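> Protein chains in written order, with my numbering: chain A, 84 to 489; chain B, 84 to 489. Note that the Cβ used here is the ideal one computed from N, Cα and C, for glycine as well. Keep in mind that this is a model prediction, so the values were computed, not measured. I'd like to ask some things about the structure below.
See the structure below:
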């Protein structure tokens, strides 16, 4: 007698996996041909196509071993060295971290997943910012972890709430996008990072610092990394990525971790996919060796600053009068908003996509608990040129008006 | 107070992860500059460097979206269609399987890992061939599964032992390399596949068919796939790979699975690494569209047949007189042997590498239980040219003699 698939799958596949809420909105938006304020992706205009093409050509023409399995289970060593030098120059690393603590991954999502697989036991508690990055929450859920949300204030997590929680719960780790966080664009002050690191020592939890937006600051230079501030304490696991500053398509990112964690990741790599393709890593390395990164990052910031300002301006004129409130972030990709008078932003989002052809992401998928942030939305300015911003904001304003008048 | 890392890791990282035994031998062999009969890799001479370079150049010059995230979570659709057509033409697919049942993965290792993550609960029993592929065993162990080994006979698993086991244990799935298996080179007869599929229905277990060596047959055409024979029963999960017939470095393989499993893999993909790089998949697809695969596979078989015959011949002259016994496989990459008079092939392997500079893989890591196959070794002929075969076999003979005389 044959069981149905639902009975064949394990607890994880049956109960702990969900689809990304963002992915569903993106799909619907594409189907409807909507203007998208939903995508958390770089602006295509900024992909260095010409330079990456040249890099790929050089790599292909070189005598690099592109076709065989790579013995470098932790990824290409030269690329790890480049990353370690770069981070050291920017004073992002503590003294103990060298290239031997850099593990190359297929997007920082792979690094986060490996850490999740190495650390979390079903029933463990992960402390997360509320709201937080949905694809991280999906991963924590996959391992059967409980998530405890800490409200995010202007200068970072609510420390009082955090302490209260720590007194009552055994917390395994704290996952944070401390710099221009997805979805709020908020950053944690260095002062608060120090306080949280003290709590981490006191209550012995780890910190996973997810830091893809660091170089996209449109005002002051961002603060220090938890990783650097933690010094010799070795309790911060750091996720860096080239997806936002070069291109996500080559799938190239990295994790900085103590030796013991590197060893576990090495074992998980073999079981998970044996090795990464050298081609992609070498293309990224060649690009990095040819670009003036400082100048390049300034260009990227200039373009995104323009996108942010244009969308902020257009929304103020078209959507704020209809009930939208939002922050103006200092960096990253996102505006985080609340819609006064809307009880279910998910329902509104569907309405806006299908009726007015404009897509925003409902905020509730960013919260660790259910029933939270029902009136919140995330709007991305990264891919939105000033012209599209004007039309998108105008449609959003109209959608809000129509939705209220239903 | 800070816990040590050993206390911070979860049960999985603490108790269920191990390094690959093969990897360790390979490392030592490289350090010692030994002739390697250890590597389970294609012969470099067979990498179609010129054609892959041309394919990469065409892909780079095309207007394909190489730099952005891919929305195709299941991998490139055109590549999935190519694979489905190819498999259908070779009569490897059952009626229900179309390109919508093809999930592209970063090596078949990623597909196997996803299946493992979707199916296995700690304490579940996985039936495996004894011996079997070590990196699969590592993955099953990672999820806390128990492994029950079924001895492998000339025509496949020992059915009587399998039935006895099934009467006593609740088995979740059977992992099999039914065609030119790693490490034995043995294949399961179609008759036996039918018997095992009947048992699978009766005892309701799934079958994971790992099939990377199918196209490397040096005698008759290999038998049917479990996947095909299973018909509408949808209980076979099939792993295919381009690693052995094109090149492993691009990391391109696939899983064929029913819709329900595809959905779970889709969710695991998002959590695991969001998406694959399009570049690698498109290069493989372009290569496939330009190569005459049938002719190409014949060339590959001719070369490997020559490698097999040369190593077999050299071993017969140099090592068999010193106590080596081995099979002559009809396909794949490997000779599987036993060393008469050696009690610990692992110890012998270290001796052979360091003293005589020749590397073979000790067999015990291929067995699901401990204390098994202590006198067995795996020898690979794939990368071993006839000249190297002569010298390697000669060194192996000398190592056996020296080892016996210690």
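Which residues in chain E have a C-beta closer than 8 Å to the C-beta of residue 347 of chain A? List them in chain order.
Chain labels in this structure do not include chain E; the protein chains are A and B.
> Could you list which residues in chain B have their beta carbon closer than 8 Å to that of residue 88 of chain A, in chain order?
Within chain B, the residues near residue 88 of chain A are 341, 343, 344.
> Can you list the beta strand (DSSP E) stretches of 3 or more residues lying completely in the stretch 161-214 of chain A, in chain order?
185-188, 208-213, all fully within the stretch 161-214 of chain A.
> Would you list, in chain order, the members of the stretch 359-373 of chain B that have their beta-carbon closer than 9 Å to a beta-carbon of chain A?
Flagged, chain order: 359, 360, 361, 362, 363, 366.
> If you count every other CB in all the chains shown that lies within 10 Å of the CB of residue 144 of chain A, and 16 or more means buried, which is it?
The residue in question, residue 144 of chain A, is exposed, as its Cβ has fewer than 16 Cβ neighbours within 10 Å.
> Quick one: which residues of the stretch 109-120 of chain B get their C-beta closer than 9 Å to a C-beta of chain A? List them in chain order.
Listed by position, the residues of the stretch 109-120 of chain B near chain A (Cβ gap below 9 Å) are 109, 110, 113.
> Need the endpoints of the alpha helix (DSSP H) that residue 292 of chain A sits in, please.
Not the alpha helix (DSSP H): residue 292 of chain A falls in the beta strand (DSSP E), residues 289-293.
> Using a Cβ-Cβ distance under 9 Å, would residue 258 of chain B count as near chain A?
No, because no Cβ of chain A sits closer than 9 Å to the Cβ of residue 258 of chain B.
> To the nearest angstrom, report how far apart residue 404 of chain A and residue 455 of chain A are at their CA atoms.
Rounded to the nearest angstrom, the two C-alpha atoms are 24 Å apart.
> Drop a sphere of 10 angstroms on the beta-carbon of residue 91 of chain A, count the other beta-carbons inside from all chains shown, and report buried for 16 or more, exposed for fewer.
Classification of residue 91 of chain A: buried, given that the 10 Å Cβ count is 16 or more.
> Within 10 angstroms of its Cβ, does residue 276 of chain A collect 16 or more other Cβ (buried), or is it exposed?
Residue 276 of chain A is buried by the Cβ-count criterion.
> In chain B, which residues lie less than 8 Å from residue 196 of chain A when you measure between Cβ atoms?
Chain B residues near residue 196 of chain A: 354, 355, 356.
> Reducing DSSP to helix, strand and coil, say where residue 298 of chain B ends up.
Coil, per DSSP.
> Rounded to whole angstroms, how far is the Cβ of residue 317 of chain A from the Cβ of residue 165 of chain A, which I believe are closer than 8 Å?
With a Cβ gap of about 23 Å, residue 317 of chain A and residue 165 of chain A do not count as contacting.
> Looking at chain B, which residues of the stretch 257-283 of chain A have a Cβ within less than 8 Å of any of its Cβ atoms?
Residues passing the 8 Å Cβ filter: none.
> Which of the residues in the stretch 204-221 of chain A, read from start to end, lie with their CB under 8 Å from any CB of chain B?
For the stretch 204-221 of chain A, which is checked against every Cβ of chain B, the residues closer than 8 Å are 204, 207, 218, 221.
> Mind the definition here: the stretch 443-461 of chain A touches the stretch 421-434 of chain A only if three or more C-beta pairs lie below 8 Å; say whether that holds.
Because the criterion of three Cβ pairs below 8 Å is met, the stretch 443-461 of chain A and the stretch 421-434 of chain A touch.
> Excluding the 5 residues preceding and the 5 following residue 345 of chain B in the sequence, name in chain order all residues of the same chain whose CB lies nearer than 8 Å to its CB.
Cβ within range, chain order: 157, 183, 184, 186.
> List, in chain order, every chain B residue whose beta-carbon is nearer than 7 Å to that of residue 135 of chain A.
By Cβ distance, chain B contributes 150.
> Between the C-alpha atoms of residue 203 of chain B and residue 195 of chain B, what's the straight-line distance to the nearest angstrom?
About 12 Å.
> In chain order, what are the residue ranges of uninterrupted alpha helix (DSSP H) at least 4 long that sit wholly in the stretch 365-413 of chain A?
Those alpha helix (DSSP H) runs which fall completely within the stretch 365-413 of chain A and span 4+ residues are 376-401.
> Under three-state DSSP, which class holds residue 132 of chain A?
Helix at residue 132 of chain A.
> Can you tell me whether residue 84 of chain B is buried or exposed, with buried defined as 16 or more other CB within 10 angstroms of its CB?
Model confidence at residue 84 of chain B stands at a pLDDT of 48, short of 50, so the residue's coordinates are unreliable; what they give is reported in the following sentence. The residue in question, residue 84 of chain B, is exposed, as its Cβ has fewer than 16 Cβ neighbours within 10 Å.
> Taking the beta strand (DSSP E) that residue 121 of chain A belongs to, which residues open and close that run?
Note, residue 121 of chain A: premise wrong, no beta strand (DSSP E); not H, not E.
> Here's a check: name, in chain order, each residue in its chain whose Cβ is nearer than 6 Å to the Cβ of residue 365 of chain B, leaving out the five neighbours to either side.
The residues are 142, 147.
> Helix, strand or coil for residue 150 of chain B, going by three-state DSSP, please let me know.
Looking at residue 150 of chain B - three-state DSSP - the assignment turns out to be coil, as it is neither helix nor strand.
> Name the DSSP beta bridge partners of residue 313 of chain B, please?
The partner list for residue 313 of chain B (beta bridge, DSSP) is empty, contrary to what the question assumes.
> What did DSSP end up calling residue 89 of chain B once you bin it into helix, strand or coil?
Residue state, collapsed to three classes: helix.
> Pairing CB atoms from the stretch 435-444 of chain B with CB atoms from the stretch 360-380 of chain B, are three or more of them under 8 Å?
No, the stretch 435-444 of chain B is not in contact with the stretch 360-380 of chain B.
> Can the beta-carbon of residue 162 of chain A be found closer than 9 Å to that of residue 170 of chain A?
No, these two residues do not count as a Cβ contact at 9 Å.
> How would you call residue 480 of chain B, buried or exposed, if buried means at least 16 neighbouring beta carbons within 10 angstroms?
Per the 10 Å Cβ criterion, buried.
> With DSSP collapsed to three states, give me the class of residue 336 of chain B.
Strand, per DSSP.
> Mind checking if residue 155 of chain B is an interface residue toward chain A, Cβ cutoff 9 Å exclusive?
False, the Cβ-Cβ gap to chain A never drops below 9 Å.
> Could you tell me whether the Cβ atoms of residue 352 of chain A and residue 226 of chain A are closer together than 9 Å?
Result no, Cβ atoms of residue 352 of chain A and residue 226 of chain A do not sit closer than 9 Å.
> To the nearest angstrom, how far is it from the Cα of residue 295 of chain B to the Cα of residue 208 of chain A?
Cα to Cα, the separation comes out at about 41 Å.
> With the cut-off set at 9 Å, would you say residue 270 of chain A and residue 414 of chain A are in Cβ contact?
Cβ distance < 9 Å, so residue 270 of chain A and residue 414 of chain A count as in contact.
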